[in-house]
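Engineer: Would you mind keeping the following structure in view while I ask a few things?
Number of protein chains: 2
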Amino acid sequence: MSKVDSSREANGSEARLSRASVGRLSLYLRRLEGFLRDGLAKVSSSQLGEALGVTDAQVRKDLAYLGHLGQPGIGYPTQDLIAAIRHTLGIDHDWAMVVVGAGNLARALLRYRGFQQQGFRIVGLFDVDPAKVGQKVNGLEIQSPDSLPGVIAATGAELGLLTVPAESAQAAADALVAAGIRGLLNFAPTVLRLPAGVSLVSVDLTVQLEQLAFLVQMGGE
Amino acid sequence: MSKVDSSREANGSEARLSRASVGRLSLYLRRLEGFLRDGLAKVSSSQLGEALGVTDAQVRKDLAYLGHLGQPGIGYPTQDLIAAIRHTLGIDHDWAMVVVGAGNLARALLRYRGFQQQGFRIVGLFDVDPAKVGQKVNGLEIQSPDSLPGVIAATGAELGLLTVPAESAQAAADALVAAGIRGLLNFAPTVLRLPAGVSLVSVDLTVQLEQLAFLVQMGGE
Numbered sequence: 042m043s044k045v046d047s048s049r050e051a052n053g054s055e056a057r058l059s060r061a062s063v064g065r066l067s068l069y070l071r072r073l074e075g076f077l078r079d080g081l082a083k084v085s086s087s088q089l090g091e092a093l094g095v096t097d098a099q100v101r102k103d104l105a106y107l108g109h110l111g112q113p114g115i116g117y118p119t120q121d122l123i124a125a126i127r128h129t130l131g132i133d134h135d136w137a138m139v140v141v142g143a144g145n146l147a148r149a150l151l152r153y154r155g156f157q158q159q160g161f162r163i164v165g166l167f168d169v170d171p172a173k174v175g176q177k178v179n180g181l182e183i184q185s186p187d188s189l190p191g192v193i194a195a196t197g198a199e200l201g202l203l204t205v206p207a208e209s210a211q212a213a214a215d216a217l218v219a220a221g222i223r224g225l226l227n228f229a230p231t232v233l234r235l236p237a238g239v240s241l242v243s244v245d246l247t248v249q250l251e252q253l254a255f256l257v258q259m260g261g262e
Numbered sequence: 042m043s044k045v046d047s048s049r050e051a052n053g054s055e056a057r058l059s060r061a062s063v064g065r066l067s068l069y070l071r072r073l074e075g076f077l078r079d080g081l082a083k084v085s086s087s088q089l090g091e092a093l094g095v096t097d098a099q100v101r102k103d104l105a106y107l108g109h110l111g112q113p114g115i116g117y118p119t120q121d122l123i124a125a126i127r128h129t130l131g132i133d134h135d136w137a138m139v140v141v142g143a144g145n146l147a148r149a150l151l152r153y154r155g156f157q158q159q160g161f162r163i164v165g166l167f168d169v170d171p172a173k174v175g176q177k178v179n180g181l182e183i184q185s186p187d188s189l190p191g192v193i194a195a196t197g198a199e200l201g202l203l204t205v206p207a208e209s210a211q212a213a214a215d216a217l218v219a220a221g222i223r224g225l226l227n228f229a230p231t232v233l234r235l236p237a238g239v240s241l242v243s244v245d246l247t248v249q250l251e252q253l254a255f256l257v258q259m260g261g262e
């Protein structure tokens, strides 16, 4: 079954944790890491909520999924909460990723420090353009997609980042799936068809801009 | 009031149309444009729903916000629905935007065709690095942020794209707001504080990756 970003909130087969909740867990995690750097050993749901513009009740509901971590009037132990969120999200271990499409976006992603900080390592970079193959970007040599199966087998990469133009996206996705990739982060503005068992998150920057245009039009909410 | 992506779904002061619904309207629009290219004059809620992995009921609920466009058993007139969504999202007119931070991500965004297709035009590119000022990227000359107020006044730009490192993001956002920008699309992995009346949509790529890791860990849903 193929799916697109935000579909899981809407259709009948919801996981216990919605995509919106998973997104908030990531944002809580980001904020908690900041609190920890600032020396806060305990945090309250209202501290977390205020930092992210979410109600206390929503914070408590989201965090209840992680187990009984908080105590009324005392709050959540920052470090335990960080560990629980990382475990739930599946980022208490590293993830190896490959990138297909060695353009400007790929270059930006290779330098994006946020990925490494959260344990996402880019271990391969691929492009169909023979003129690019052999060039190095941030220490990674650009390879032909023919090498995908070998690189994925050797590195154990499970995630693929698609930074190709829309018209090449389905073919690149098919090659990644055939090579054993289990999840795709798709930046190409197109709908992808994927087999069951392969997860997809789409980053459609035009959707984000349209959301912004809507908010500005509504008067800057 | 500052806010982050997804906060509007969760807090008490919801607009009539949630961020999730606005996101789906964008996705419907993308699909409808495809249907129109394929020559479909009418579409049903189930055609739209199937294409995006959303239930019919959700599609009808989202589209009801646009007015009485559909007819039971006949469907929605494709062209009218496209026009109605573009009007609701505020993209029945062009938006001018400036980009602050002339790195690889900015270069990728300047070449991103999806923006122009939907009427989002980048009219200015800025960087604090004097070595970059004066260079051209895709025909746009990189300028010093000192020129922001003049460029924004001259072009009528209302949106700003922040592609600076996290530690420079708040200062860049403050400069954009002081120069009259009404909405920010933030790519820097940090929480921004903005005055009332300025809208914010944050694109945190680590959040998207964490969502993907979660889905893969759950067994490829």
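Protein sequence lines, in the order shown, are assigned to chains G and R.
Heads up: the first sequence begins at 42 in the numbering used here, then just goes up one per residue.
Heads up: the second sequence begins at 42 in the numbering used here, then just goes up one per residue.
From the three backbone atoms N, C-alpha and C, an ideal C-beta is built for every residue, glycine too.
Note that the structure is a prediction, hence the values are computed from the model and not measured.
#1: So, is the C-beta of G/Y153 closer than 9 Å to a C-beta in chain B?
#2: Does DSSP put G/V164 in a helix, in a strand, or in coil?
#3: So with Cβ pairs under 9 Å, would you call R/G116 a contact of chain G?
#4: Let me know the secondary structure DSSP gives G/L233 once reduced to three states.
#5: Tell me which residues share the same chain as R/M259 and place their Cβ nearer than 7 Å to its Cβ, disregarding the 5 neighbours each side in the sequence.
#6: Taking the continuous alpha helix (DSSP H) assigned at R/E74, which residues delimit it?
#7: In whole angstroms, what is the alpha-carbon distance linking G/M138 and G/A149?
#8: Assign R/I163 to buried or exposed, taking buried as 16 or more other Cβ atoms, counted over all protein chains shown, within 10 Å of its Cβ.
#9: CA-CA distance, G/S86 and R/D121?
#10: Confirm, please, whether the CB-CB distance from G/F161 to R/T247 is below 9 Å.
#11: Counting only the same chain and skipping the five closest in sequence on each side, list residues whose C-beta sits under 8 Å from that of R/A82.
#12: With a threshold of 16 other CB atoms inside 10 Å of the CB of R/E182, please say whether the residue is buried or exposed.
#13: Would you mind telling me which residues of chain R sit closer than 8 Å to G/I132, beta carbon to beta carbon, in chain order?
#14: Please list the partners that R/F76 has in chain G, where partner means a Cβ-to-Cβ separation under 9 Å.
#15: Please confirm whether G/F167 and G/G191 have their CB atoms less than 9 Å apart.
#16: Express the C-alpha separation of R/Q112 and R/K102 in angstroms, rounding to a whole number.
#17: In the DSSP output, what is R/G116 paired with across the bridge?
#18: In angstroms with no decimal places, state the Cα-to-Cα distance between R/S243 and G/A194.
Structural biologist: Let me lay it out:
#1: No chain B is present in this structure, whose protein chains are G and R.
#2: Mapped onto the first sequence, residue 164 of chain G falls at position 123. DSSP places G/V164 in strand when its eight states are reduced to three.
#3: What you label residue 116 of chain R is simply residue 75 of the second sequence in a count that begins at 1. It does not; no Cβ of chain G falls within 9 Å.
#4: On the first sequence, residue 233 of chain G is found 192 positions in, with the first residue counted as 1. Of the three classes helix, strand and coil, the one that applies to G/L233 here is coil, per DSSP.
#5: On the second sequence, position 218 is the one that residue 259 of chain R refers to. Cβ within range, chain order: n/a, list empty.
#6: Against the second sequence, residue 74 of chain R aligns to sequence position 33. Where R/E74 is concerned, the enclosing alpha helix (DSSP H) stretches over 60-78.
#7: Counting from 1 along the first sequence, the entry for residue 138 of chain G is found at position 97. Counting from 1 along the first sequence, the entry for residue 149 of chain G is found at position 108. Answer to the nearest angstrom: the Cα atoms are 15 Å apart.
#8: The residue labelled residue 163 of chain R in the question sits at position 122 within the second sequence. Buried: at least 16 other Cβ atoms inside 10 Å.
#9: Position 45 of the first sequence, counted from the first residue, corresponds to residue 86 of chain G. Position 80 of the second sequence, counted from the first residue, corresponds to residue 121 of chain R. One C-alpha to the other measures close to 45 Å.
#10: Sequence index remark: in the second sequence, residue 247 of chain R carries index 206 (1-based). Sequence index remark: in the first sequence, residue 161 of chain G carries index 120 (1-based). In contact: R/T247 and G/F161 (Cβ atoms closer than 9 Å).
#11: Within the second sequence, residue 82 of chain R is the residue found at index 41, counting from 1. Cβ neighbours of R/A82 beyond the five flanking positions: P118, T119, Q120.
#12: The residue labelled residue 182 of chain R in the question sits at position 141 within the second sequence. Exposed, by the Cβ-count rule.
#13: In the first sequence, residue 132 of chain G corresponds to position 91, counting from 1. E251, A254, listed in chain order.
#14: Looking up residue 76 of chain R in the second sequence gives position 35. Within chain G, no residue comes near R/F76; the closest Cβ sits about 12 Å away, beyond 9 Å.
#15: The residue given as residue 167 of chain G occupies position 126 in the first sequence. The residue given as residue 191 of chain G occupies position 150 in the first sequence. Result no, Cβ atoms of G/F167 and G/G191 do not sit closer than 9 Å.
#16: Looking up residue 102 of chain R in the second sequence gives position 61. Looking up residue 112 of chain R in the second sequence gives position 71. Computed Cα separation, rounded: 14 Å.
#17: Indexing the second sequence from 1 puts residue 116 of chain R at position 75. Beta-bridge pairing links R/G116 to R/Q112.
#18: Residue 243 of chain R sits at position 202 when you count from the first residue of the second sequence. Residue 194 of chain G sits at position 153 when you count from the first residue of the first sequence. Those two C-alpha atoms are separated by around 35 Å.
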